[in-house]
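Trainee:
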Amino acid sequence: MFLRNGPKLLNVLVSSVRGLTTSSMIELITHPELYNGVPTKYGWVLVRRTHVARGWTQALLNEKLDSKFGNAQQSLDRESIQEVVDDWVESVDIFQKPKTKKRSRADVNLDNDMRLYLQQLKFEDGTGTAEKRTSETEVKSHKKIDSCAVTYTNAWNYYMTVTYPKFKHLPHKEARQTVGVQWRQLSLDEKEAYRQEYSSLLKQGKDILNGKIVDLDVKLQASQKLWEAKERTRLRKLGVLPPTNRTSKQ
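Under our numbering, think of the first position of the sequence shown as 814, with each following residue one higher.
1. Where Lys1019 and Gln1037 are concerned, what is the direct C-alpha to C-alpha distance, given to the nearest angstrom?
2. By the 10 Å Cβ neighbour count, where 16 or more other Cβ atoms means buried, how is Asp899 classified, buried or exposed?
3. Spell out the partners DSSP gives Pro852 in its beta bridges.
4. State the CB to CB distance for the pair Val963 and Ile1021, rounded to an integer number of angstroms; the pair is presumed to be in contact (CB under 8 Å).
5. Which stretch, first to last residue, makes up the alpha helix (DSSP H) that contains Asp890?
6. Residues bridged to Ile1026 by DSSP?
7. To the nearest angstrom, how far is it from the Cα of Lys877 to the Cα of Glu896?
8. Could you give the distance in angstroms between the alpha-carbon of Tyr848 and the alpha-carbon of Gly856?
9. Fully enclosed by the region 956-1016, which alpha helix (DSSP H) runs are 4 residues long or longer?
10. Quick one: Cα of Lys881 to Cα of Thr843, how far?
11. Between the C-alpha atoms of His985 and Thr966, what's the straight-line distance to the nearest angstrom?
12. When DSSP labels each residue in this structure, what does Ala844 get in the three-state scheme?
13. Which residues bound the alpha helix (DSSP H) around Gln909?
14. Quick check on this structure: which residue in Thr863, Phe980, Trp969 has the alpha carbon closest to the alpha carbon of Asn1001?
15. Could you have a look at Ala866 and say whether DSSP puts it in helix, strand or coil?
16. So, is Arg1045 buried or exposed, given that buried needs 16 or more other C-beta atoms within 10 angstroms?
17. Could you check how far apart the C-beta atoms of Ala866 and Pro911 are, in whole angstroms? I think they sit under 8 Å.
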């Protein structure tokens, strides 16, 4: 819920507070890295990063602002609201701020899984070239998947691999979009069935490669070779490796 201080956002914030005179708005112009944006019932406000904790800051600010403006009959200007926030920052007991909980490995894995899933949804819409979409999916999956921890992203990959050949007669983009639409139309139970099916396949030491069931080692070797080829290409572009010698045909 908190705004991150990216360069574009900071430029917007700095531009929006020029001419205003609260202490935080003045300091923001020269030291934007000290502030976060926090959403309240009265709109977004500026709060020193040292005083920001998810849930805690918002709750106390809403309480403070309600006590000041709860019965206000007229619309409030941004400067009046920010002055109350600045007063809260100066008066609140910072030692009451809850400690930030360390994110668990499961949280990180879930975020990574969701990012990959969203990226694959973009592929369904035809983003990028067919070669890039295929190779990136293979490269991202060259590591061995734990059969006991198969995610819905893995299930989606499996579904795409086994279903795509049915639409090979269509252009690549249209075929992927068709498979993607069918996946989204599946019920959660149906998707779970594919997840379990893929997990069972892995437990048998098998995997899917180019639409065919192969030994897991074969899949890993193929994916590893693809990753190494892409890595060599990347290093050549960076000048770390010499370019390949190609002799022209006479």
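Just so you know, even glycine gets a beta-carbon here, dropped at the ideal spot from N, CA and C. As the structure is a prediction and not an experimental result, all values here were calculated from the model.
Mentor: In short:
1. For this step, residue 1019 is matched to residue 206 along the sequence shown. For this step, residue 1037 is matched to residue 224 along the sequence shown. So the two alpha carbons sit approximately 16 Å from each other.
2. For the purposes of this step, residue 899 is taken as residue 86 along the sequence shown, with counting starting at 1. Here Asp899 is buried: its Cβ has 16 or more other Cβ atoms, across all protein chains shown, within 10 Å.
3. Here residue 852 corresponds to residue number 39 of the sequence shown, with the count starting at 1. Its beta-bridge partners are Trp857.
4. Walking along the sequence shown from the start, residue 963 turns up at place 150. Walking along the sequence shown from the start, residue 1021 turns up at place 208. With 8 Å as the limit, Val963 and Ile1021 do not qualify as a contact, their Cβ atoms being about 13 Å apart.
5. Your numbering for residue 890 matches position 77 in the sequence shown. Element bounds for Asp890: n/a, residue is neither H nor E.
6. As a working mapping, residue 1026 is identified with position 213 in the sequence shown. Under the DSSP definition of a beta bridge, Ile1026 partners with Ile1021.
7. The count along the sequence shown starts at 1 and reaches residue 877 at position 64. The count along the sequence shown starts at 1 and reaches residue 896 at position 83. Taking the CA atoms as reference points, Lys877 sits about 11 Å from Glu896.
8. Residue numbering aside, residue 848 sits at position 35 when the sequence shown is read from its first letter. Residue numbering aside, residue 856 sits at position 43 when the sequence shown is read from its first letter. So the two alpha carbons sit approximately 16 Å from each other.
9. DSSP runs (the alpha helix (DSSP H)) wholly in the region 956-1016: 965-976, 985-998, 1001-1016.
10. The residue you call residue 881 lines up with position 68 of the sequence shown. The residue you call residue 843 lines up with position 30 of the sequence shown. Roughly 29 Å separates the two Cα atoms.
11. For the purposes of this step, residue 985 is taken as the residue at position 172 of the sequence shown. For the purposes of this step, residue 966 is taken as the residue at position 153 of the sequence shown. In a straight line, the C-alpha of His985 is about 21 Å away from that of Thr966.
12. In the sequence shown, counting from the first residue as 1, residue 844 sits at position 31. Position check: residue 844 holds His in this sequence, whereas Ala was assumed. In the structure shown, His844 sits in coil (DSSP, three-state: anything other than H, G, I, E or B).
13. Here the question's residue 909 lines up with position 96 in the sequence shown. Counting along the chain, Gln909 sits inside no alpha helix (DSSP H), nor does DSSP assign it H or E at all.
14. On the sequence shown, residue 1001 is found 188 positions in, with the first residue counted as 1. Per the sequence shown, the amino acid found at residue 1001 is Leu instead of Asn. It is Trp969 whose Cα lies nearest to the Cα of Leu1001.
15. Mapped onto the sequence shown, residue 866 falls at position 53. Of the three classes helix, strand and coil, the one that applies to Ala866 here is coil, per DSSP.
16. By 1-based counting over the sequence shown, the position of residue 1045 is 232. Under this definition Arg1045 is an exposed residue.
17. The residue given as residue 866 occupies position 53 in the sequence shown. The residue given as residue 911 occupies position 98 in the sequence shown. Indeed, because the Cβ distance is near 5 Å, the residues count as touching under 8 Å.
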